[in-house]
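To start, the structure itself, in structure tokens.
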Amino acid sequence: MTPEQFETWLYPDETGLYCAPGAFHIDPHRATETAIVTHGHADHARPSHKHVYASPETLAIMNLRLVQQAGQHHHAMVSGEVVTMGDVDVWLAPAGHVLGSMQVVIEWQGQRAVVSGDYKRRPDPTCASFEVVPCDLFVTEATFGLPVFRHEPDDREIARLLTSVAEQPERAHLIGAYGLGKCQRLIALIRAAGHDAPIWLHGATEKMCAFYQEQGIELGELLPVAGAEKKDMAGSIVMAPPSALQDRWSRRLPDAVTCFASGWMRVRGRARQRGVELPLIISDHADWPELIQTIKETGAREVWVTHGREDALCHQITKMGKKARALALVGREDEDDSEDVAP
Amino acid sequence: MHAFATLLDRLVYTPSRNAKLALIADYFARTPDPDRGWALAALAGDLDIAIPVRRTFAQLLDGRVDPELYRLSRDYVGDTAETVALLWPESDRPEQGPPLADVIETIRTADRYAIPERLAAWLDMLDTNGRWALLKLLTGGLRVGVSARLAKQAAAQHGGKDVAEIEEVWHGLSAPYGSLFAWLDGVADVPDITGLPVFRPLMLANPLEDKDLETLDVDAFVAEWKWDGIRVQLSAANGDVRLYSRSGDDIGRAFPDIVRTITGNLVLDGELLVMRGNIIAPFNDLQQRLNRKVVSAKMLKDFPAHVRLYDILRDGDIDLREEAWHVRRKHLEAWSKTHPNPRLDLSPTVIVNDRNALKEIWNDTRTNGIEGLMLKRRESPYLAGRPKGHWFKWKRAPLTLDTVLMYAERGSGKRSSFYSDYTFGVWVTHEDADDELVPVGKAYSGFTDKELRQVDKWVRGNTLQRFGPVRSVAPGIVFEVAFDAVHRSPRHKSGVAMRFPRIHRIRWDKPVEEADRLETVMALIGETELANGDETSGQQEGEQLSLL
């Protein structure tokens, strides 16, 4: 193992990204001895690890979603607190993706690697903002690793939604959004825009919203769709997991306007595939300018790209005079529109 | 530009036909001439502003966007205009942009070398949506889920008219349709199309269902062969001759060998074919002649065009459309006798007296190299559209083969980012090596959206190699492919090509080793090509052929 040659001590094996001198995996896709988990989304927080290191919020989310299978031993790591694991020092720094999401900082023999997990740079009322940690190796996500992806300002997208709601008082606006993070952030943004009316929840989103509220995040008045009268939901906003959009479930709503909140919505083809009537370009992942900005700010001389559209980002990183490498990790989904339903 | 961009954006995301009609009609009501006329032309696909797309875009992007990033983005988005619109640097203070008419006027009159800079200036001032609409407009093919007919329907709705009234005059008009809107607004009479070779909306057939056949009153019908070319309308008036495709596009420029032989005032309905002597060439040969701006003398000689006539709609001042089919047929036969023309002949009718004989003839269509049968009610008038109960098409049963998926390509538009275009192959036996797959065709239809998602996922998990938007995959899925015919093709490695292939069933259950072999495919060629050469030529001799 040579500290300057990162691939000699940090590399993907069949379980996930492995740090050899620390003897742990980061976001392994299957059960392992020791896992550091960046955040609670299903393709990062897998069941049944022996030791799980994560932020207290992520551990709580894992308990909530995986219950018995949340892992044998939980080790809470507060942001910035250094833990020694094997020969390496490890600490977490906020990633700004969802509540509790963290980057993993690894220091070994004078070299520092940062594994970003998923992240975004714009402010989010429901979680701590991304912190830039200068490093030698930066392992970045690339969900939106193409220059066509520039997310619109959040307030503009929320304004479009609220205009549409006001224009069609007889219809409900059904928003499909990732059940952990995106759903709560949208509600918080809608509240910040001055919309005080009750917001209705699909059963699969209730638990996570309640958890966010317990954590002190204001979401206003939330009501369950289950048992509600059709007419009560006219002119209002309903939150559901993406899978419910085309489901028979949505028939209980008054002539639903199908909305979908995702960075993919910037590409018309993607919105049309889903039969979306009102696409909202709101994402919890960095868009292209944010990815480039972040890579620059970390000052890393080498950048690895974990999942997404790695070709374009690697090309750009090379143009920036840095060494780029695409890490093909198994078990990662095209995030931001996969079906993420809380149990 | 802003109002038009907003209209297009809303159309893209509006699934309901009625809501689309309302959006367009509302736009016509709110927008002054000539902008609304240009918008109608754009929606109906009749806007003829030819900018050299490739060169213009290359000039636009040069120095602004990294070519590699552009290529990868284009590959992902699946649409050139949208890719450029999304990549273009954002304006801090976007503006409404110029009126639609100004854009079109500028593009039409500008020196073509000045167009990229003009376009860049507009792109700099517009927002993402405005840029997209502008570029879609200039590259043709809006793809906003509006057909030419729906656009006309919206104009009809705006003016409280029937869409047939608009279709009847449509080809006598040109953008920006001032006279049309004046009529629709009630301030002028219907536009005068007298003496113009306009398109008469075609009469189309319904597919024959099994239950139709059992209840069909055979005596009331006459059968015709369904020829394997493209349906056309020849419309001539005052020395001006048009050859219209089924959708009303004038394709006459590509077929001077037909157009120059027509004189007089008349409207004929027929099938466009390539014919050598009495032999109909494969559809592939006709394809060489389609979609060409200019035709070389060699083309005209090697692929001679021919129209086989089905019907006559107008002769001189007489509109025959109200007449019964048998009256029009007599008229057509008489006209044909007095106007001999080696480029035209009559499609023979087939007299059939009972249901069983009809079935027998239909069963033979495959061996006879004919696409199928048409059944026409003797008393049917010539009605626009697809009226029920008058005409039936009875296509011959397709052939099927079990093939193996070899390559998958990302689709475009609605299917961008989905691997939706499939190249499939069959096995070839080698003496000294393992069996090998060779591609025999490509298809992108015949499966449901759900199956598309399943195959897409499978492709991503079983990729061998990537070539831009194409992935080669490990042999793993059997596609049962239905197709109309197979012919020899030196351009393909397998030496064969399929006509009208579509995915019939996805055989997740079938092991790939059990898919068909090339010998089986070759055997099917023999059948269809032989038949084309020998049998059909015999039938084309007589004008009326009685099979009983």
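Residue numbers (this note's numbering), protein chains in the order written: chain E, 2 to 344; chain A, 31 to 578. Ideal Cβ positions, reconstructed from N, Cα and C, are used throughout, including at glycine.
- Fully contained in the stretch 233 to 305 of chain A are the following alpha helix (DSSP H) runs of length 4 or more, in chain order: 240 to 245 and 286 to 289.
- Counting C-beta pairs closer than 8 Å gives three or more between the stretch 515 to 530 of chain A and the stretch 312 to 319 of chain A, which meets the contact rule.
- Per DSSP, the continuous alpha helix (DSSP H) segment holding M63 (chain E) begins and ends at P57 to L67.
- Annotation note: the stretch 243 to 275 of chain E contains the following uninterrupted alpha helix (DSSP H) runs of length 4 or greater, listed N- to C-terminal: 269 to 274.
- Taking each of A:D258, A:R373 and A:L435 in turn and checking the Cα distance to V489 (chain A), the smallest one comes out for A:L435.
- When DSSP states are grouped into helix, strand and coil, G491 (chain A) belongs to the helix group.
- Within the stretch 271 to 293 of chain E, contact with chain A at the beta-carbon level (separation under 8 Å) is assigned to R271, A272, R273, Q274, G276, V277, E278, L279 and P280.
- When secondary structure is reduced to three states using DSSP, A335 (chain A) falls in the strand class.
- Within chain A, V95, D96, L99, Y100, L102, S103, L116 and L117 have C-beta atoms less than 9 Å from the C-beta of P148 (chain E), given in sequence order.
- Of the candidates A:L296, A:V176 and A:R276, A:L296 places its Cα closest to the Cα of P227 (chain A).
- Annotation: L210 (chain A) to R230 (chain A) spans about 17 Å, alpha carbon to alpha carbon.
- Runs of the beta strand (DSSP E) spanning 3 or more residues and lying entirely within the stretch 491 to 551 of chain A occur at 493 to 497, 500 to 503, 508 to 513, 515 to 518, 526 to 529 and 532 to 537, in chain order.
- Within the stretch 32 to 62 of chain A, the residues whose Cβ lies closer than 8 Å to some Cβ of chain E are V42, Y43, T44 and P45, listed in chain order.
- Chain order gives the chain A residues near H316 (chain E) as D96, E98, L99 and L102, where near means a beta carbon separation below 9 Å.
- When Cβ-Cβ separations below 8 Å define contact, T113 (chain A) makes contact with chain E.
- If you check the CB distance, Q104 (chain E) and P4 (chain E) do not come in under 8 Å.
- Take the alpha-carbon of A193 (chain E) and the one of N492 (chain A): they are about 46 Å apart.
- Taking L214 (chain A) as reference, the option from A:W118, A:D157, A:R373 and A:R66 with the minimal CA-CA separation is A:R66.
- At least 8 Å separates the CB of E481 (chain A) from every CB of chain E.
- Neighbours of A313 (chain E) across chain A, judged by C-beta separation under 8 Å: E98, L99, L102 and S103.
- A Cβ-Cβ contact shorter than 8 Å links R172 (chain E) with A235 (chain E).
- With a beta-carbon spacing of about 7 Å, P255 (chain E) and K232 (chain E) fall inside the 8 Å limit used to define contacts.
- Listed as beta-bridge partners of D349 (chain A) by DSSP are A:R344.
- As computed with DSSP, K406 (chain A) is found in a beta bridge with A:V252 and A:W421.
- In the displayed model, S102 (chain E) falls within coil according to three-state DSSP, outside both helix and strand.
- The C-alpha of A313 (chain E) is placed about 10 Å away from the C-alpha of W289 (chain E).
- W118 (chain A) sits in coil when the DSSP states are folded into three classes, being neither helix nor strand.
- Cβ atoms of R161 (chain A) and W118 (chain A) come within 8 Å of each other, at about 5 Å.
- By the criterion of at least three beta-carbon pairs nearer than 8 Å, the stretch 99 to 118 of chain A is not in contact with the stretch 199 to 210 of chain A.
- Taking CB atoms only, R151 (chain E) has a neighbour in chain A less than 8 Å away.
- By the criterion of at least three beta-carbon pairs nearer than 8 Å, the stretch 500 to 507 of chain A is not in contact with the stretch 471 to 484 of chain A.
- Between R302 (chain E) and the set E:T319, E:L292, E:R310 and E:G309, the nearest pair of CA atoms involves E:T319.
- Think of a sphere of 8 Å around the beta carbon of V176 (chain A): no beta carbon from chain E falls inside it, the nearest being about 13 Å out.
- Around the Cβ of S56 (chain E), a 10 Å sphere holds 16 or more other Cβ atoms; the residue is buried.
- Within chain E, not a single residue places a beta-carbon under 7 Å from that of G170 (chain A); the smallest gap is close to 17 Å.
- Within the same chain, and ignoring the five residues on either side of L350 (chain A) in sequence, the residues whose Cβ sits closer than 8 Å to its Cβ are I342, L343, R344, V357, R358, H361 and Y412.
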